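Q: Quick one: the structure is below, and I'll ask about it shortly.
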Amino acid sequence: MKKVIVHSLVLVSLVALFILGLGTKTANADTTTDDAASYSNVHQVAKSKLGSPYSWGAVGPNRFDCSGFTSYVYKTAAKVTIPRTAQAQYNKYKHVSWENIQKGDLVFFGYSKGSISHVGLYVGNGKMIDAQNRGVVKEAVHAPWWHAVGYAHVTDFAD
C-alpha cells in the first residue's frame, strides 16, 4: 500500500511540474528557444520552398498562400505553431521596428494595422521570402508594390 501511495505522489508531482511549465519545455514555446528552434532550420526550410506555386488557402507542403507559407515554415522547421492568417499572426506577436528587425521575424503588409493582407519571412539584408502571385520568392521588403505595415518577433532562436 505504501508503494502505491509513493508512486501516486511521484506521478502527481510530475504532472504538476509539466502543467506549471517547469519540465524540459515551457508552455509558451513560441517565445522561447529549444534545440529545434534555430534560424538556420527556418531559413533552410523557407529556401527549400522557393519556386513553389501560390494557391490561395494552401498551407503546403507543395503549394502556399502567404500565411500558409509562414505557418508551414515555423511548424516544420522550429516546431512552433503560429496563427493561420496574416492578420492573426500580426495580432499575436510583439511588434518591432524596422531598425530592430531580426532574421526570422515576420513582415506584414496591407492598408493599415487592422487590414493586413500579406506576410513574409525576413531573411536579412532587406529581403524576405514570401508566397505571392509569382509563387514562393525571395524579394525586397520595401518594394514599390508592397506597403509595409509592421514587423513582429515570433521566437528567440538558438543560433
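Throughout the sequence shown, residue numbering follows mature numbering (1 follows the signal peptide of the UniProt record, and there is no 0), covering -29 to -1, 1 to 130 in sequence.
For each residue, glycine too, the CB sits at the ideal point set by N, CA and C.
On a predicted model such as this, the values are computed, not experimentally measured, just so you know.
(1) Should residue 127 go down as buried or exposed, given a rule of 16 or more other Cβ atoms within 10 Å for buried?
(2) Please name the residue in 72, 71, 53, 19 whose C-alpha comes closest to that of residue 63.
(3) Going by DSSP, which residues form a beta bridge with residue 110?
(4) Counting pairs of Cβ atoms below 8 Å between the region 79 to 86 and the region 18 to 26, do you hit three or more?
(5) What is the residue span of the beta strand (DSSP E) that residue 83 lies within?
(6) If distances are taken between C-alpha atoms only, which option among 37, 32, 30 comes closest to residue 105?
(7) In chain order, what residues of the same chain have a beta carbon less than 7 Å from the beta carbon of residue 111, not counting five sequence neighbours either side?
(8) Taking only runs that begin and end inside the region 16 to 96, name each unbroken beta strand (DSSP E) of 3 or more residues, in chain order.
(9) Tell me the DSSP secondary structure of residue 14 in three-state form.
A: Once the coordinates are examined:
(1) exposed
(2) 53
(3) 99
(4) no
(5) 77 to 83
(6) 37
(7) 97, 98
(8) 65 to 67, 77 to 83, 86 to 95
(9) helix
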